[in-house]
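Residue numbers (UniProt numbering), protein chains in the order written: chain H, 1 to 364; chain L, 1 to 364; chain V, 1 to 364; chain G, 1 to 364. Glycine included, every Cβ here is placed at the ideal spot set by N, Cα and C. Predicted model, so just to flag it, every value in this text is computed and none were measured.
Protein chains: 4
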Amino acid sequence: MDDRSFEVRTDLAVEAKDMYVEQETNTEQEPKGVHVRETSDGEVKVTYVEVDEVGAETIGKKPGTYINIESQGIRSHDSVLQHQMAKVLANEFQQLLEKHGIANDAKALIVGLGNGEVTPDSLGPRVVQKAIVTEHLFRLQPEHVSEGFRPVMALTPGVMGVTGIETSDIIFGVINKVQPDFVIAIDALASRSVERVNATIQIADTGIHPGSGIGNKRKELSKETLNIPVFSVGVPTVVDAVTITSDTIDYLFKHLGREIEEKDQPSKSLTPAGMNFGKKREFTEEDLPSEERRKSLFGLVGGLGEQEKKQLIKEVLSPLGHNLMVTPKEVDGFMKDIAHVVSSGLNAALHEAVDTNTNDSYTK
Amino acid sequence: MDDRSFEVRTDLAVEAKDMYVEQETNTEQEPKGVHVRETSDGEVKVTYVEVDEVGAETIGKKPGTYINIESQGIRSHDSVLQHQMAKVLANEFQQLLEKHGIANDAKALIVGLGNGEVTPDSLGPRVVQKAIVTEHLFRLQPEHVSEGFRPVMALTPGVMGVTGIETSDIIFGVINKVQPDFVIAIDALASRSVERVNATIQIADTGIHPGSGIGNKRKELSKETLNIPVFSVGVPTVVDAVTITSDTIDYLFKHLGREIEEKDQPSKSLTPAGMNFGKKREFTEEDLPSEERRKSLFGLVGGLGEQEKKQLIKEVLSPLGHNLMVTPKEVDGFMKDIAHVVSSGLNAALHEAVDTNTNDSYTK
Amino acid sequence: MDDRSFEVRTDLAVEAKDMYVEQETNTEQEPKGVHVRETSDGEVKVTYVEVDEVGAETIGKKPGTYINIESQGIRSHDSVLQHQMAKVLANEFQQLLEKHGIANDAKALIVGLGNGEVTPDSLGPRVVQKAIVTEHLFRLQPEHVSEGFRPVMALTPGVMGVTGIETSDIIFGVINKVQPDFVIAIDALASRSVERVNATIQIADTGIHPGSGIGNKRKELSKETLNIPVFSVGVPTVVDAVTITSDTIDYLFKHLGREIEEKDQPSKSLTPAGMNFGKKREFTEEDLPSEERRKSLFGLVGGLGEQEKKQLIKEVLSPLGHNLMVTPKEVDGFMKDIAHVVSSGLNAALHEAVDTNTNDSYTK
Amino acid sequence: MDDRSFEVRTDLAVEAKDMYVEQETNTEQEPKGVHVRETSDGEVKVTYVEVDEVGAETIGKKPGTYINIESQGIRSHDSVLQHQMAKVLANEFQQLLEKHGIANDAKALIVGLGNGEVTPDSLGPRVVQKAIVTEHLFRLQPEHVSEGFRPVMALTPGVMGVTGIETSDIIFGVINKVQPDFVIAIDALASRSVERVNATIQIADTGIHPGSGIGNKRKELSKETLNIPVFSVGVPTVVDAVTITSDTIDYLFKHLGREIEEKDQPSKSLTPAGMNFGKKREFTEEDLPSEERRKSLFGLVGGLGEQEKKQLIKEVLSPLGHNLMVTPKEVDGFMKDIAHVVSSGLNAALHEAVDTNTNDSYTK
């Protein structure tokens, strides 16, 4: 999980795309160079975001494929749905490997990013603990390795605050020594939407930027810098307080806006005793242009652009500590479940002999 | 930590008082029946809130003494300041015991409320682990108990979701059997202010209401029901998303309001490129009545009362899960520090032979 | 896990029986009043030990039924075999409930004994975390309880070193308040045999003696004292150093004895280079009476009785700390697995609607 | 902690020396090429073992300096004595650095060996968590680094069973990239003596052999292979069951031997009711040569050499699982304390501005 700068704020391509759409265009059209496709598998929704060079400029995400697997399985503690998420992850990741021509016996290095001692940041280290690693068996006891397994290694590089070392230096150093054929980085992400926290798995083939993000000192790990494919699997586990507030204000805008438009059928829920919305309605003129109406509803704040509004919120929150990242109170249980979903999906994708039903026989 | 109903929202008397003042009065005057006094000890601020029967009606908190110990020691990882907090806690708690005529050899029962497996809710169980318990030694090896210790017992009743039992039933049952002279309940609290999270210790002598808070089934533990004094020590560790949002909107109001009043010296920070605040100023007329001005700045939302606004926010957040309680990402480290501060303060208050410097020699 | 006195040393009835047989009789006959029956279910061995009043005197265990479920599933990290253990546990426990006339809707209280902060002693608290508790739902939301569940409560009383309270006082106090129809105590046990550590589940219907075992101050929880059936489920997770040593010396005796008898086919493994066992053989005379031979092989130590030998070992180990209880280095993984096996077996036995396959859908 | 072969069995030079003395010589003389010196600092005993090329051959440990810091501070939960241990460690380590000409601003890499998820093997990872790391501050915010700190980095490479990678490959790869001036490896050790478990800190300047120890595939990290000094700090936290047994049998020998020699003042403790030691005494003839007497006391077993005896014990224990490594039941508390002692001693040794009193202000 990066302490990314204010402008980025989301690790998810699908959100970056949505932000662009919200801020820069008035239509629901896709930005140039970004192609989005959605499918679903039962209650699990899958969104493919393909970004080309043009799109990369537009939405500020590297060109490549981003796959989003969404479900409420974690948040609702639904183990059946969690198993379904793992299956979809296994399937999608397998196809991504195939697309990049990764052979069944190509050597994988799983990199578990993040701080194992900070619960919402511990996804990477937890998945490493549950990964089926085999490279040492191939090397030392090849006669004991069954058919259907590939050589897999795993590394937990830690975070710079604990190691004092650029995380990318640790990874580069180890890759140099152990020569994997491809890399999979696992990381807890930050989302800009409360709704996506613990509800989305993002797979990508675009490499990673581990590290503190201070200045331009961090280094990218990608096909360009390593000459091998670098995949990533991430789950947003935190959201910043700025985002929560901003989202809620947006919801307020939309909600009140709709409310007012439906002036003859006031939603019951919005008019509890004591809330005299009748009075408000006199401001709502059908013919008022949209921006004008927003201003009359929300005054100056309603008239602010997206960036202005967030800048403002950030400023008023700063006495409380810059970068107040928050996580749901039930973080311990959520992290346990997410790590299980991601590791069983990943193990099944990497080893032909493993599927999400049999995974638990191989791991602890 | 209770899943208290929307209206309560704060476990802190000082906040309840502030809320009352904000919502119901236009002045900064204390509400009737509530007496507030502030002192400070170095960088630690202490606020005493005395609530009488009248005040209890007014602010919705039981009559009695509430002491708030505030410092940024936890949030800034400042171990010197944390030690200072523990000393102030020891001192204040000792005085509260004296005020209630608790003798030096009176038998204490510490009750560690909350769920030890949910990090932000684990304050109670953590403090029990670090409490200096002695009652068994008094009973079984009295010759080995040094001067300066009192008999202390400690209990971790768990939470109803794990036990299936009303927490108050467990506590009543045990108190009945072990007959303490007084009770101290430790609990993680919910705050309505992001600023107070992990920055305030509240001591009170007004008893507790453990349990799920569903309906009126929970039972109070207090002098009235048990015939022995019931003290509490709590630290807010979570805040709900509604609160964060509402606070931020309030800050926005105040900030923008002030901004606009200072029209000739626009704050630099509020006018980044692209934010044409000059335009705004034309709305600000000195003679506009306050409410009018708020409306022009924030439209309808600006015109809402406190309760209306929160109800609205709550409604728009509900798709994200009712009662989204959040905690800072660094929750693991914060909880460890808070438990140390509270337990060393408490141990020093309870045992004459212990002070916050020597506490670590007795505990692990 | 009790700090039982030297003489008891085992929490397992099957071991107490074996000890009696070894020490007091020369035959392999069952002691009077103790009836043993063995079956097996795949690789899981089940031993039933029925002890009557006479047998209780003989082997020092309370009269009743003791069922031992044995398998190497935990130690060999074999998840299929672990699942099988859970199924056998569910089945045996269900039959024991039926035998005692426990109705399907009788209210259970699970008591998780032991210290959750001491890994090898944490079985009870871990099982409580994974138990399907329902009593609060029956009470507060009866309309949401499906068919096939019984009311279940769970309690983690802690240990006297942390609470300062006799554990039995906590349990008595709570039982008094919540009035269960039967009690199930879960505890980590001490074994006298390294072989049984993490390899045996003991179920019994004879009540429990929680607490520190100092003097006679601890109190029994049983049908006699509570008027309701008290079952127990325990797994040996530690063994004392005295036991390991004593066992090994016994093995040595047996091994060398056999070795010497097979004088014409010396086992290769016992004669590594440098071990001139030829020399030994001159001491072995076929006609030497067994005791005589033992003496010649092992001198004075060989001539000691079981109790004498252990007393001696205990004495020489005492500089290292009395009661040095040890556990395998891999204790963390073992405890996780045991808690899963015990809790899923128990949940399936208690709730008709749950079996060991579906258990994981209900718990975390 | 290595799964070293049977012959090595101890990670402590002082034990290797003792073993050599016991097995190969009849005198208490030092082996050739091994120089031992003892001092003490209050209740903390310090033993210096200097091994030269000749001594290395003799006792099977690499040439260099080994310093043993011994105290019962951990085992007796004595925090004052633990603080004293940390001070001695700081002092000794500082002197060792000076001896090797390590400058105050030389760049250190701390390597925390072992598996953080296996409690008795988690010393390395725990110390890394508590190390004061500064290299990133020197690099990114040099203006914020106070006087009296040196650049320190820290790495937790994990274990091959989790990573699939030779641990030495990870360390070599990272060293290659980050170029430290010296390395300090922290590891949990195996002792051959129950008495030393959790009671001894060994410092050495002889490099390390991380990894699985299977065959000759592991690689040494030392001045020879890296061209920079490689120090180590280790604490024995486990002991194998073979060792416990063997030690106890040795104690038995010595104890009984002494007992018998003192035939006219039989120790009370050795003659409890039922132990007729009078009978034994007839075997004890003052003029019997020592070996003869051992045989008469202990028969064949008494006549076995050290290696023979251990081979025999190992064989009889093997049905219980080869390499049964055990740890005291209270392992969780012990590891917490050891990690605190080692990290505060190390931090004070590395940074001039830190001492063991102020260490806690810098770490969590």
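Can you give me the Cβ contacts of residue i inside the same chain, cut-off strictly under 6 Å, excluding the 5 residues immediately before and after it?
i      : result
T156/H : G112, P125, V128
D355/V : A348
E15/H  : R192
R134/G : Note on residue identity: the sequence assigns Thr, not Arg, to residue 134/G. These residues qualify, in order along the chain: F149, P151, V152.
L324/G : A241
K87/G  : T356
M275/H : Because the pLDDT at M275/H is just 31, under 50, the model does not fix this residue reliably, and the value given afterwards should be weighed accordingly. Correct list: empty, nothing qualifies.
K99/H  : none
A13/G  : V49, K61, Y66
K219/V : S168
M19/L  : none
Spatial neighbours of residue i within its chain, please: C-beta separation below 8 Å, excluding the five flanking residues on both sides.
i             : result
residue 412/H : A question about residue 412/H goes unanswered here, because the residues of chain H that appear run from 1 up to 364.
E224/H        : G207
N104/L        : R150, E352
A56/H         : G33, K62, P63
Quick one: measure Cβ to Cβ for residue i and residue j, integer angstroms, because I've assumed they're closer than 8 Å.
i      : j      : result
K17/L  : V54/L  : K17/L to V54/L, Cβ: 13 Å. No contact.
F172/G : K107/H : Rounded, the Cβ-Cβ distance is 18 Å, inconsistent with contact.
V46/H  : S40/H  : 6 Å
I201/G : L89/G  : 6 Å
V230/H : I186/H : Incorrect: roughly 12 Å between the Cβ atoms, too far for contact.
V326/V : V238/V : 7 Å
V183/V : L96/V  : Contact doesn't hold; Cβ gap of about 13 Å is too wide.
Q84/G  : G42/G  : 6 Å
S79/V  : S361/H : 5 Å
P142/V : A188/V : Rounded, the Cβ-Cβ distance is 35 Å, inconsistent with contact.
Identify, in the order they occur along the chain, each residue of the same chain with its Cβ nearer than 7 Å to the Cβ of residue i, setting aside the five sequence neighbours on each side.
i      : result
V159/V : G114, N115, T167
V174/L : L155
P144/G : Residue identity check: residue 144/G is His in the sequence provided, not Pro. Taken in chain order, the residues that qualify are L137.
D169/H : none
E30/L  : V36
H359/L : It should be pointed out that residue 359/L corresponds to Asn in this sequence rather than to His. Result list for N359/L: S344, N347, A348, in chain order.
Counting contacts by CB-CB distance shorter than 7 Å, is residue i in contact with chain C?
i      : result
F231/L : No chain C is part of this structure, whose protein chains are labelled H, L, V and G.
Open item on the list: Threshold first: 4 residues or longer. Then list the alpha helix (DSSP H) segments lying entirely within the segment 324-354 of chain G, N to C.
Closed with: 331-350
Task: chain V contacts from the segment 129-149 of chain L (Cβ-Cβ distance under 7 Å) - done: Q129, V133, T134, E135, H136, L140
- [ ] Below 7 Å between beta carbons is the criterion; list the residues of the segment 334-348 of chain G that meet it against any residue of chain V, in chain order.
- [x] none
- [ ] Entirely within the segment 90-133 of chain V and at least 3 residues each: give me those beta strand (DSSP E) ranges in chain order.
- [x] 108-112
TODO: Could you name each continuous alpha helix (DSSP H) segment of 4 residues or more that falls completely within the segment 173-216 of chain L, going from the start of the chain to the end?
DONE: none
TODO: Inspect the CB distances between the segment 106-122 of chain G and the segment 51-69 of chain G and report whether three or more fall short of 8 Å.
DONE: no
Open item on the list: For the pair the segment 195-212 of chain H and the segment 320-340 of chain H, tell me if three or more CB-CB distances fall below 8 Å.
Closed with: yes
Open item on the list: Please list, in chain order, the residues of the segment 70-102 of chain V that have any C-beta partner in chain L closer than 7 Å.
Closed with: none
Task: Interfacial residues, the segment 149-181 of chain G to chain H, with Cβ spacing under 7 Å - done: V152, M153, A154, L155, T156, G158, M160, V162, T163, G164, I165, D169, I170, F172, G173, V174, N176, K177, V178
Open item on the list: By the 8 Å beta-carbon criterion, what residues does the segment 106-124 of chain H contribute toward chain G?
Closed with: G116, E117
Task: Contacting positions in the segment 29-40 of chain L - beta carbon closer than 7 Å to chain G - done: none
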